[in-house]
Amino acid sequence: MARKRGLGRDDVVTAGLAVLDHAGIDAVSLAAVAERLDVRPPSLYAHVDGLAGLKRDLAHTTTVEFGEVLRDSVLGRSGPDAVRSFADAYRRWATGFPGRYEMTLLPIAADDDERRAGARLALGAVQAVIRGFGIDETSAIQAGRSLRSALDGFSRLENADNMGRGDHDADFAFLIDLLIDGISQAGTQPPGPA
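Structure representation (structure tokens):
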């Protein structure tokens with residue numbers, strides 16, 4: 080293998096994302112990234128702190144990317160329109176990039192401020208969606224958790240090809256309508272326990 084000139088951290092992360100997209104989270108290794116870059120694995124240590132550092136960089140990149148997609152999906156929207164736009168963006172990204180999506184679900188280390196900031200983008204998008212329904216804080220937290228759980232479950236089932244036959248788009252629209260109805264009703268009910 081010839082030594083690549085000008086190889087940098089961004090190149091290593093980009094190659095890691097390509098491995099993640101092509102083969103999934105379990106396939107990410109220094110050897111796989113080095114092969115994609117046509118270099119020897121030890122040369123990657125100049126750019127990332129081993130496999131743990133590579134995975135941390137990938138988790139940061141994917142978390143920020145997903146957060147930006149979700150944030151952008153709700154800009155200028157409110158109420159049911161915001162829920163639908165958020166849900167569509169969530170599903171499209173999670174099923175379009177299943178490896179990246181799985182990476183965003185890894186636990187965030189206590190000292191990983193960069194990744195935590197990326198996660199706040201996604202949380203802010205969820206809060207913006209729910210805020211448009213004018214419900215109390217406890218119900219808003221419950222609604223946000225319910226929305227995320229439903230979208231995560233649907234996306235994971237689709238990614239695992241466990242949805243069975245039928246019109247998955249119609250199934251998804253039905254799910255979103257149920258969520259919108261539930262969130263709307265939360266504003267008319269007394270707050271539930273925290």
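Numbering (the working numbering), first residue to last: 80 to 273. A virtual CB, placed ideally from N, CA and C, is assigned to each residue, including glycine.
Problem set entry | Whole-angstrom distance between Ala219 and Asp100, CA atom to CA atom | 34 Å
Exercise. Which runs of the alpha helix (DSSP H), 4 residues or longer, sit entirely within the region 84-158?
Worked result: Within the region 84-158, the complete alpha helix (DSSP H) runs of at least 4 residues are 88-102, 109-116 and 129-153.
Exercise. Where Gly243 and Arg227 are concerned, what is the direct C-alpha to C-alpha distance, given to the nearest angstrom?
Worked result: 22 Å
For this session: Enumerate, from N- to C-terminal direction, the unbroken beta strand (DSSP E) stretches of 3 or more residues contained entirely within the region 215-247.
Result: With a minimum length of 3 residues, no continuous beta strand (DSSP E) run stays inside the region 215-247.
Exercise. Do the region 125-132 and the region 157-172 make contact, defined as three or more Cβ pairs closer than 8 Å?
Worked result: no
Problem set entry | Between the CA atoms of Glu147 and Ala81 - distance to the nearest angstrom | Per-residue confidence for Ala81 stands at a pLDDT of 46, beneath the threshold of 50, marking its modelled position as unreliable; the derived number appears in the next sentence. Cα to Cα, the separation comes out at about 37 Å.
Exercise. Which same chain residues, not among the five before or five after Met182, have their C-beta less than 7 Å away from its C-beta?
Worked result: Leu99, Ile104, Leu137, Ala138 and Thr141
For this session: With a threshold of 16 other CB atoms inside 10 Å of the CB of Arg224, please say whether the residue is buried or exposed.
Result: exposed
Problem set entry | For Pro177, three-class secondary structure by DSSP | helix
For this session: Would you kindly check if the distance between the Cβ of Asn241 and the Cβ of Pro177 is under 8 Å?
Result: no
Exercise. How is Ala283 classed by DSSP in three states: helix, strand or coil?
Worked result: Here the chain covers residues 80 to 273 and nothing more, so residue 283 does not appear.
Problem set entry | Candidates Val143, Gly95 and Ser108: closest to Gly198 by CA position | For clarity, residue 198 is Ala in the given sequence; the question names Gly instead. If you compare the alpha carbons of Val143, Gly95 and Ser108 with that of Ala198, the shortest gap goes to Val143.
For this session: Could you tell me whether the Cβ atoms of Phe165 and Ala111 are closer together than 8 Å?
Result: Going by C-beta atoms, Phe165 is not nearer than 8 Å to Ala111.
Problem set entry | Buried/exposed call for Arg119, threshold 16 Cβ in 10 Å | exposed
Exercise. Does DSSP put Gly213 in a helix, a strand or coil?
Worked result: coil
For this session: Check each candidate in Glu193, Ala161, Gln221 and Arg179 and name the one with the smallest Cα separation from Ala106.
Result: Arg179
Exercise. Rounded C-beta distance between Ala161 and Gly211? I'm assuming under 8 Å.
Worked result: 5 Å
For this session: Return yes when the Cβ of Arg163 is within less than 8 Å of the Cβ of Ile255, no when it is not.
Result: yes
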